[in-house]
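Peer 1: Sending over a structure as structure tokens; questions will come in a sec.
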Amino acid sequence: MPLTPTLIGHFSQGDAQAVSRQNRLPVDATAPDTLLVATTTVDTTANRDLLESTATELPTLDGCMQYRKLVWFYFRAGAAETTYRVLARATDHNGAPLGAGWITLATGTLPGEANTWGRIEIPATTDGYYDQYRIEVWRTAGNNYTLTSKIVGVR
Amino acid sequence: MQPKVCLVLFSFGNFNRAWTQILRNLGIDYTLCIATSGGTSASIQTPQGVFAANSADLRGYFRQFNAVILCDNTGDLAATSVNSYSVFWMSWNDPEDPAFLFFNPHFSAALGGAYNSNFPSDFPIVRPNPSDIAGTLYPADGGSATSVDPLIQTATRARGMCVLFLAENIRAHVQTICNTHTNRIPYYWRLDTAKHSALVSAAYTHRVARNGRAGEILAVPAPPISDEDTETYPSDCVIAYRYRNCFWLPHAMARTQRAVNLWDAEVSPFVFWLLYGLQLAGVRPRYRLPVQIETSRPLEALEASFNPPYSLREQCDFLLASWDWMRDFARRKGTAIIGGVTTGGRDRSASSRQHWGILYNTSYPAEAREAAMRVHQILVAGHREGTTPCGPHDYTIGGGDGLWGSAVSAGYIRHAGRQRGTPNDVPIARGRCCVAPHVLPTGVAGADAQTVQVGDTEMVEWDFTGRTSGTGTTFDLPMDNIHAARMIIEGHIDEMLALGFPDGYCAGHRYTNTAANNSGGECYWQALKEFGFRGVRSSSNCTGINIKRVPPNRIWQGFHLVGDEAVDNCSSGAVFSRGLYLPSAPSGGDAVKRFLLDHGSDISANWATGQVAAWRAYRRLLCQTTSIWLHGTVVELSSAYFHPNQSLMCVSLANPIAPFEGWSRLGPYGTPHYNHAVELLENMDAVVRLLPDVLYWGTITDVMDHRERVIG
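Protein sequence lines, in the order shown, are assigned to chains A and B. Each residue of the first sequence is one higher than the one before, counting from 1 in my numbering. Each residue of the second sequence is one higher than the one before, counting from 1001 in my numbering.
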């Protein structure tokens, strides 16, 4: 078919397709995105995030509105009892948080023993669509250990 | 044939992901294989099966690769099992076999049994013996101990080495540790000259044997260039060696769990040796990586209140000589040295630390302003020809922290004219109501409604009552919105044009480096895009008040947020450099203090009595800053930068661009002259010339192009 006036087209089955609201680009909009890969030394500093920041207003992840859910995979090298907190908040269209502080989505003891894997869904139930997340870990007993994390965003 | 290498490691629990990040950036395919132990009985787990380390199957598997890289290493010469499984590969020397790259290999005499019996009898490097270190290794870099494990250091505590690469006949300062031990002293290797002579006499055919011989010394400690430098090494001391198709190379990567997270990575300071090894092995990358550097505040001068050693005029004089040299360097090498010009000086603060102020503030001596103008004219001319492109860099807003440096920029003074300058009454904050246009009922929006867009989000905003600038010049500016961002950026461009630059975004690069590395978040990125920018330099926490992060891949809606790697020879808190070392310098006020280079007090304790201490400090500083720059170039695809006025304050006014000559040429404070720009760029040029398959002198545009190529 001939291309109708448009800025974007693509080929499909050997034919040129004009992109329109009814005929969208064949992209996989459901593929998850890797949002973070980090190694954290978990120590006793309270409210320290995965990027080892203690600035309490600083998000660990920003610009996440497009994600229905985040999935946090981790591998912990130590068994020390560890508290974690998952915080979230929304921003306006300029990127400015609507206010100071955070919603606490989850808090508790980080599951797993030494050299074990974990997986935590954020939020655990319902959908996210928050703009900013802050994920904190700190140990309350034992010794420092390395926590390796990967967080993916799911649309 | 696509380049492909095999990485062999023992455990993902001790694996530095910079190994693979570099390979991805270079477009080299790789396969990861895991050894089941560190002993000779280990099996190697490959994607095509598990093979014994000495098996013909493994040898056949390896033959599909250009090179096999041994990733494991240790800082304990007495360890009995680290990478013993690799001993068999030293005898796989047929032309069909790949090159083997051994970085900081553990081949100590402490290894016994099957390792000993399989170790090639003609191998020409003396095996280190933890019971006889003095007889088997040479202490390097003065022989002092690092206070912590030198192999896992990141951006401080460099060890200083000047290496002579024999085939290339190039001297370069690169961090080099062949082996170390629990005493934390870096060592070079000792050559068995008889065995080496036999290998050199033996013909050998393999694609990596460029001299057609079985043995080749690749690198040795460079001989001193001054009588002051008494740090010499025996003639049988070697740093890198090719034994048939096996490359015996210094440490390349820390054996530690280290993520290259998607914003930043901890500095891997030994990556030069990985790049050099890949080139020696004939692994031709799909992509070469562009090397470039930036400056922040290319023209500023410190007033007497900072207690600098030089007057305003003298500071401009050494900047003039240095910028003239840098512009010429950029011409010769085909690079562009970006300059972040301190804007805001025209409208808000006319101090001598502002580009505008040192040019036009009549409270400063005319001779200083004239000298500053000569520097400025070099920058403008260089901008036009592409060697010194400049963009805005504003500390006069956000409480001194730049874009969104504070919630409100108190007492903001705006520019005159244009769309958002005086006397126009324009929004400076988000409207009271914002509704997406496709759900906005008819008749709801107020009469002052306007459409604003930040990225994919389009809103109709109205009711700006109490949220506009009025017609005046000065007001408190909320920094968290697109209206403020547009006003600020418009003022920057206007000032750049008024300064004589033909544009305000580094010419065709459409880039600038931001003050305090604060890029301000989405509303600023949107405004910068609207004014034609393609990217800016940014820290990952991109506001001064720590409420924002850059996107994971550092690209927002096609807009680049290039990472930052400072390579100044002093800390920002110390304001300026007192040189390589000055006992009375404040914390971070000299290079040694800034980078913790005083290993075992072997600089500070000898400074007054041993001339070699200055050469030691010189070597360590160059190794440190070059390695940070190289890491930014090949691991992060980020940008290294320094502040000329601060880093060059330790030069001799008699000849500011003279090379370092120890105590033969003195700068201020009676200590050795040192020009950081000249030395650092010349040393990086030596590295680039050593690695023509891997690096080239490029520009920030090349960096952003490559980021789009490999990150997307």
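Ideal Cβ positions, reconstructed from N, Cα and C, are used throughout, including at glycine.
Once DSSP output is grouped into helix, strand and coil, what is the label at R1284 of chain B?
Peer 2: Coil, per DSSP.
Peer 1: Which residue marks the beginning of the alpha helix (DSSP H) containing K1593 of chain B, and which one marks its end?
Peer 2: 1591-1595 is the span of the alpha helix (DSSP H), which, as asked, contains K1593 of chain B.
Peer 1: DSSP puts F1051 of chain B in a beta bridge; with which residues?
Peer 2: DSSP, once it has assigned bridges, lists B:I1044 as partnering F1051 of chain B.
Peer 1: Among B:F1012, B:H1181, B:A1155, B:Q1175, which residue has its Cα nearest to the Cα of L1164 of chain B?
Peer 2: Comparing Cα positions, the closest option is B:Q1175.
Peer 1: Identify the contact partners of Q976 of chain B in chain A, using a Cβ-Cβ distance below 7 Å as the criterion.
Peer 2: The structure shown has nothing for residue 976 of chain B, since chain B only spans 1001 to 1712.
Peer 1: Could you pull the start and end residues of the beta strand (DSSP E) that T109 of chain A belongs to?
Peer 2: First-last of the beta strand (DSSP E) with T109 of chain A: 103-109.
Peer 1: Can you pull the chain A neighbours of V1454 of chain B, defined as C-beta to C-beta under 8 Å?
Peer 2: By Cβ distance, chain A contributes H93, N94, G95.
Peer 1: Establish whether the CB of T1457 of chain B and some CB of chain A are separated by less than 8 Å.
Peer 2: Judged by the 8 Å Cβ criterion, T1457 of chain B is in contact with chain A.
Peer 1: Quick one: is K1004 of chain B near chain A, going by C-beta distance under 8 Å?
Peer 2: Answer no: the Cβ-Cβ gap between K1004 of chain B and chain A never drops below 8 Å.
Peer 1: Since E1228 of chain B and V1678 of chain B should fall inside the 8 Å C-beta cutoff, what is the C-beta to C-beta distance between them, to a whole number of angstroms?
Peer 2: Going by Cβ atoms, the distance from E1228 of chain B to V1678 of chain B rounds to 19 Å, so no, they are not a contact pair.
Peer 1: Return the chain-ordered list of same chain residues with a C-beta closer than 7 Å to the C-beta of T1468 of chain B, the five sequence neighbours on each side being excluded.
Peer 2: Around T1468 of chain B: D1425, V1426, P1427, I1428.
Peer 1: Taking just the CA atoms, how far does L25 of chain A sit from M1 of chain A?
Peer 2: Because the pLDDT at M1 of chain A is just 47, under 50, the model does not fix this residue reliably, and the point stays unresolved.
Peer 1: For a contact defined as C-beta to C-beta under 9 Å, what are the partners of P111 of chain A on chain B?
Peer 2: Those within 9 Å of P111 of chain A in chain B number zero; the least Cβ separation is about 19 Å.
Peer 1: Quick one: residues in its chain with C-beta nearer than 6 Å to the C-beta of C1434 of chain B, no 5 flanking neighbours on either side, listed in chain order?
Peer 2: Excluding residues within five positions, the ones whose Cβ falls inside 6 Å are M1459, E1461.
Peer 1: Out of B:T1146, B:D1029, B:M1253, B:D1122, state which residue places its alpha-carbon closest to the alpha-carbon of N1104 of chain B.
Peer 2: The candidate whose alpha carbon is nearest that of N1104 of chain B is B:M1253.
Peer 1: Kindly list, in the order they appear in chain A, the residues whose Cβ is closer than 9 Å to that of C1434 of chain B.
Peer 2: Within chain A, the residues near C1434 of chain B are D92, H93.
Peer 1: Can you list, in chain order, the residues of its chain with a C-beta nearer than 7 Å to that of T44 of chain A? Leave out the 5 residues immediately preceding and following it.
Peer 2: Around T44 of chain A: W138, R139.
Peer 1: Measure the alpha-carbon distance for R1353 of chain B versus A1304 of chain B and round it to whole angstroms.
Peer 2: If I take the Cα positions, the gap works out to 12 Å.
Peer 1: Tell me, please, which residues DSSP counts as bridged to T1451 of chain B.
Peer 2: DSSP lists B:V1460 as partners of T1451 of chain B.
Peer 1: Locate the beta strand (DSSP E) running through G1339 of chain B, then write down its first and last residues.
Peer 2: Taken as a continuous stretch (DSSP letters only), the beta strand (DSSP E) holding G1339 of chain B covers 1338-1343.
Peer 1: I want to verify the contact list: residues of chain B whose CB lies under 9 Å from the CB of W57 of chain A, in sequence order.
Peer 2: Note on residue identity: the sequence assigns Glu, not Trp, to residue 57 of chain A. Those are I1545, N1546, I1547, listed as they occur along chain B.
Peer 1: Which runs of the beta strand (DSSP E), 3 residues or longer, sit entirely within the region 69-139 of chain A?
Peer 2: Those beta strand (DSSP E) runs which fall completely within the region 69-139 of chain A and span 3+ residues are 69-76, 82-89, 103-109, 116-122, 132-139.
Peer 1: Does A16 of chain A come within less than 8 Å of chain B when only Cβ atoms are used?
Peer 2: It does not: the Cβ of A16 of chain A has no partner Cβ on chain B nearer than 8 Å.
Peer 1: Taking the straight line between their C-alpha atoms, what separation do you get for P111 of chain A and S1144 of chain B?
Peer 2: If you take the alpha carbons of P111 of chain A and S1144 of chain B, they lie about 44 Å apart.
Peer 1: Give me whichever residues DSSP pairs with C1237 of chain B in a beta bridge.
Peer 2: DSSP lists B:R1190 as partners of C1237 of chain B.
Peer 1: Classify A1447 of chain B: buried if its beta carbon has 16 or more other beta carbons within 10 angstroms, exposed otherwise.
Peer 2: Exposed is the call here.
Peer 1: Excluding the 5 residues flanking Q66 of chain A on each side, which residues of the same chain have their C-beta closer than 7 Å to its C-beta?
Peer 2: Hits under 7 Å: R155.
Peer 1: Which residues in chain B sit within 7 Å of A77 of chain A, going by Cβ to Cβ distance?
Peer 2: Ordered by position in chain B, the residues that pass the 7 Å Cβ test against A77 of chain A are G1013.
Peer 1: Please name the residue in B:R1244, B:Y1511, B:I1133 whose C-alpha comes closest to that of H1383 of chain B.
Peer 2: The shortest C-alpha separation from H1383 of chain B is found at B:Y1511.
Peer 1: Mapping the DSSP letters down to three states, classify G1013 of chain B as helix, strand or coil.
Peer 2: G1013 of chain B falls in the helix class under three-state DSSP.
Peer 1: Pull the bridge partners of S174 of chain A from the DSSP assignment, please.
Peer 2: Here chain A comprises residues numbered 1 to 155, so residue 174 of chain A is not present and cannot be evaluated.
Peer 1: Tell me the rounded alpha-carbon separation between L147 of chain A and R76 of chain A.
Peer 2: For L147 of chain A and R76 of chain A, the distance between alpha carbons rounds to 5 Å.
Peer 1: Closer than 7 Å by beta-carbon distance: list the chain B residues that pair up with D62 of chain A, in chain order.
Peer 2: Those are K1548, R1549, listed as they occur along chain B.
Peer 1: Do you know offhand how far D1705 of chain B's Cα is from G1563 of chain B's?
Peer 2: Distance between the alpha carbons of D1705 of chain B and G1563 of chain B: 15 Å.
Peer 1: Assign M1 of chain A to one of three DSSP states: helix, strand, or coil.
Peer 2: Confidence at M1 of chain A is low in this model, with a pLDDT of 47, below 50, so the placement of that residue is unreliable and no value is reported for it.
Peer 1: Within the 8 Å Cβ cut-off, does G1340 of chain B reach chain A?
Peer 2: Closer than 8 Å: no.
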